[in-house]
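Structure, as structure tokens:
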Amino acid sequence: MIHPRSFITLVILCILSLTAHAHEITPSILQLSHKDSNSYQLTIDANIEAMMTGIGSEHNNTDNSPVAIEYNTLRALPVEQVNAQATTFAQTLPQQMHFSDANASALPLDIELVKVTIAPNPDLSLARESQITYRITAPKSLSTVRFQWAKPLGDAVFKVTQGETNLATLWVRAGDLSKPVTFNASAPTQGQAWLDYVIIGFEHILPLGLDHILFVIGLYLLSQRLAPLLWQVTAFTVAHTITLALATLGIFTLSPAIVEPLIAASITFVALENLRHHTLTKFRLMIVFVFGLLHGMGFAGVLGEIGLNPSAFITSLIAFNIGVELGQLAVIAGMYLAFGFWLGKTQYWEKWFRTPLSIIIAMIGIFWFMERTLAVV
């Protein structure tokens, strides 16, 4: 049996390595639209200053990036000056993009820059979303397309449309090659679209939602008994389902500048609660529900970036939520199999695992709270 100290050392190293990456995921949104015959249009909605300086979408606070000075300098420039530099960048950007067929063989495409639109944004504490538009000409009508771009450009949401039909919405990790999307096909079946959003929801927890992961681990650490865990997970699930639906439908929203620091605070709270209690209290259950409402706002922010399939709005929303739940269950199962099964009923659990890990999670939550608060001050 592996010594408990080895277990906790491994966990500490893994958890501390996560502090370099925080939750705010702002992927670039690429939409490839089939116009007619062999003509296509590509639009990229993105934080173009971050792209120009190589700040990937894994960064929560651009001030933590080694190129923060260059980024902040660009952000402070007038729109006209940014537009000039962005146009030069956009002309070379196709060299960092790769479109291929189903077999990953490069497609011989002529990619021509049409325009760069820099959005005016007087608030320098907020990322400025801009748009790049390209005209793409292929030797013949494409049957299948796959997308990839350079890793420093960060994660991307790759949408493919044909007329009014949304053929696919894919989350493409930085530097990865997307799965194939077929043109001249009918819209994805309800089952295919449903599965796509389940996967996106799952990936928002594992591996992308590091603060959600820590929150769920905090819930798990309260007690090794099943009933308290089920009550907490149920309260959390019901709460974030409510706000996810309300925010996605546009009925009620909160600024990420408010939501993100409070999510970090929720991580600290549940971790510190673990040091005070070993049993589930009504107060903790109520607080978990309230924090679930906040996390739902965070999930809605991701859906706002990706967008939902208009023809299957409700089912896509439900599918995304199911993916989130599966991700949370995977975190709990992973914690149990890796640690709870081996240490949960031993003398080492409290001293070498539950207490120190709760302290570490609380410290990370405090760090993220300060980081996210200072980012908008």
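Here the numbering used here is used: the first residue of the sequence shown is 28, the next is one more, and so on. For glycine and all other residues, C-beta sits at the position ideal for the given N, C-alpha and C.
Per DSSP, the continuous beta strand (DSSP E) segment holding Q189 begins and ends at A183 to Q189. H125: member of the beta strand (DSSP E) spanning M124 to S127, first to last residue. Taking C-beta atoms as the reference points, I349 and V225 count as a pair closer than 7 Å. Taking 7 Å as the cut-off, the beta carbon of L281 is found no closer than this to the beta carbon of A327. Taking the Cα of I269 as reference, the smallest distance to any Cα among G323, V172 and S343 is reached at G323.
Around the Cβ of D137, a 10 Å sphere holds fewer than 16 other Cβ atoms; the residue is exposed.
Sorting L246, P93 and R155 by C-alpha distance to the C-alpha of P179 places P93 at the top. Shown here, D63 sits in a strand according to DSSP, grouped into three states. Cα atoms of N301 and H239: separation of roughly 17 Å, rounded to the nearest angstrom. By the criterion of a C-beta distance shorter than 6 Å, W221 is surrounded in its chain by T342 and A346, once the five residues flanking it on both sides are discounted. Taking the Cα positions, V172 is about 35 Å away from L273. Between L253 and L289, the C-beta spacing is not below 7 Å. Residue environment for G277: exposed (fewer than 16 other C-beta atoms within 10 angstroms of its C-beta). Spatial neighbours of S66 in its own chain (CB-CB distance under 7 Å, excluding positions within 5 residues in sequence) are listed in chain order as T164. The beta carbons of F318 and S293 sit closer together than 7 Å. In this structure the stretch 95–112 does not lie against the stretch 123–131, because fewer than three pairs of beta carbons, one per stretch, are closer than 8 Å. The Cβ neighbour count for D63, taken over all protein chains shown within 10 Å, is under 16; the residue is labelled exposed. Within the same chain, and ignoring the five residues on either side of G371 in sequence, the residues whose Cβ sits closer than 8 Å to its Cβ are Q251 and Y363. When rounded, the separation of the alpha-carbon atoms in W198 and Q374 is 44 Å.
For I349, the enclosing alpha helix (DSSP H) begins and ends at F340 to M362. Annotation: the continuous beta strand (DSSP E) that includes A195 extends over T192 to V199.
In this structure, the alpha-carbon of L353 lies about 33 Å from that of L401.
Separation of A177 and L233 (C-alpha to C-alpha, rounded to the nearest whole angstrom) is 22 Å. CA-to-CA, the gap between R200 and F340 works out to about 24 Å. Taking every protein chain shown into account, the CB of G218 has fewer than 16 other CB atoms within 10 angstroms, so this residue is exposed. Between the C-alpha atoms of I388 and F310 there is a straight-line separation of about 20 Å. Classified as exposed, P105 has fewer than 16 neighbouring CB atoms from the shown chains inside 10 Å of its CB. By alpha-carbon distance to Y247, the top candidate from S168, P383 and A360 is A360.
Annotated three-state conformation of Q374 is coil, per DSSP. Rounded to whole angstroms, the gap between the alpha carbons of R303 and V286 is 26 Å. Secondary structure of F210 (DSSP, three-state): coil. Taken through DSSP and simplified to helix, strand or coil, A146 comes out as coil.
Boundaries of the alpha helix (DSSP H) around W258: L253 to T275. Linking L356 to A365 through their CA atoms gives a straight-line distance of about 14 Å. In the structure shown, the three-state DSSP call for V109 is helix. Your pair A262 and L330 does not check out as a contact, with CB atoms roughly 22 Å apart and the cut at 8 Å.
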